[in-house]
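Quick notes on the structure that follows.
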Amino acid sequence: MEIKEKIINYIKRNRVSTTEVADCLGKSGVLEGLLPLNPRHFAVGEIRYLYAIQESNWPVHEALDRDPVTDQVVFIDGIDVNNRAIIGDIVSKYILLYLGNRAIICSGKMRDAHILLKENYPIWCGGVSPVGCFNTPVDETEFARTIAERRDELQGSVAVCDDSGVVVIPKQMLTEEFYQKLVAIEEQEDIWYDCVDRRKWSTYKTICLKDYLKEKAGHE
Numbered sequence: 001m002e003i004k005e006k007i008i009n010y011i012k013r014n015r016v017s018t019t020e021v022a023d024c025l026g027k028s029g030v031l032e033g034l035l036p037l038n039p040r041h042f043a044v045g046e047i048r049y050l051y052a053i054q055e056s057n058w059p060v061h062e063a064l065d066r067d068p069v070t071d072q073v074v075f076i077d078g079i080d081v082n083n084r085a086i087i088g089d090i091v092s093k094y095i096l097l098y099l100g101n102r103a104i105i106c107s108g109k110m111r112d113a114h115i116l117l118k119e120n121y122p123i124w125c126g127g128v129s130p131v132g133c134f135n136t137p138v139d140e141t142e143f144a145r146t147i148a149e150r151r152d153e154l155q156g157s158v159a160v161c162d163d164s165g166v167v168v169i170p171k172q173m174l175t176e177e178f179y180q181k182l183v184a185i186e187e188q189e190d191i192w193y194d195c196v197d198r199r200k201w202s203t204y205k206t207i208c209l210k211d212y213l214k215e216k217a218g219h220e
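First residue of the sequence shown: 1, per the numbering used here; consecutive thereafter.
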């Protein structure tokens with residue numbers, strides 16, 4: 001099993017939160033402004049990068065037709081879309097149900113909110129709007145460098161999504177060392193809850209002073 005799959009499986013199996021993942025990343029990695037459209041969903045997976053540009057979602061449709069993706073987290077980037085909603089219910093249904101992907105992350109807005117809410121899709125986005133993008137071909141030449149940089153940054157990285165938002169683990173961080181950080185932070189959380197819930201310690205004694213480490217040292 002390669003390390004990326006190992007990390008994804010561990011996060012999924014243990015439902016490691018975005019808060020814990022961000023802590024493992026040195027309290028970083030959040031995609032600002034992206035929140036769940038529907039609450040109480042959890043998703044983790046490799047990112048497939050798509051984009052809409054110049055007020056058109058044509059490249060999204062084209063990319064999904066040319067190279068359908070499955071069992072991933074589909075990230076749709078809004079570049080120069082001027083606050084228009086990027087996709088709506090039909091494209092969301094196609095991505096999630098027919099192609100079988102884990103979640104959608106949209107850096108911009110979504111449309112058809114009434115249907116997306118009713119269907120309870122796992123979507124994280126920057127809001128909603130009834131005014132959508134056009135379905136017309138575009139000339140991407142002006143933005144080629146931006147697209148390439150964003151794709152290189154996001155595609156193949158791992159997204160973790162829950163009620164707190166979206167955190168991305170960069171490709172270069174998908175290592176055995178990072179996996180061990182995830183294991184360690186899960187163990188730490190268990191210890192903290194035990195100290196506060198069972199031992200009735202204060203959070204100061206538990207989290208700041210870490211008195212449980214002194215106890216451990218005393219037993220060695």
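Where is the CB? At the ideal position from N, CA and C, for every residue including glycine.
Model, not experiment: these values are computed from the prediction.
Sheet register partners of residue i (DSSP bridge)
i    : result
S56  : I53 and F134
E46  : V158
D77  : Y51
V167 : V30 and V160
L209 : Partner(s): none; L209 has no beta bridge.
L174 : Per DSSP, none; premise fails for L174.
Outcome for residue i when other beta-carbon atoms lying within 10 angstroms are tallied against a minimum of 16
i    : result
S107 : buried
E215 : exposed
K109 : buried
S28  : exposed
P122 : buried
D190 : exposed
L174 : buried
A103 : buried
L97  : exposed
N135 : exposed
C161 : buried
L209 : exposed
N9   : exposed
N101 : buried
Whole-Å CB distance - residue i paired with residue j, under 8 Å assumed
i    : j    : result
V168 : L154 : 7 Å
C133 : I86  : 6 Å
G156 : I3   : Not really, about 12 Å apart at Cβ, beyond 8 Å.
F42  : R15  : 6 Å
V166 : I105 : 6 Å
V91  : V60  : 7 Å
V69  : L99  : 6 Å
E62  : N82  : Contact doesn't hold; Cβ gap of about 20 Å is too wide.
G126 : G33  : 5 Å
Y49  : F75  : 5 Å
Distance between residue j and residue i (C-alpha atoms, nearest Å)
i    : j    : result
N57  : T141 : 16 Å
K118 : N38  : 9 Å
R66  : A148 : 18 Å
I53  : D197 : 51 Å
W201 : G45  : 37 Å
V138 : Y179 : 41 Å
C195 : S17  : 20 Å
D77  : T206 : 41 Å
Y204 : W192 : 11 Å
G88  : S164 : 23 Å
E177 : I7   : 11 Å
V158 : D112 : 27 Å
T146 : S129 : 25 Å
L116 : Y212 : 46 Å
W124 : Y51  : 15 Å
R151 : V30  : 17 Å
CB contact check: residue i to chain B, cutoff 9 Å
i    : result
R150 : Within the model displayed, chain B is absent; a lone protein chain is all it includes.
Worksheet item: Taking the runs of the alpha helix (DSSP H) that are 4 residues or longer, which of them lie wholly in the stretch 84-129?
Response: 89-93 and 113-119
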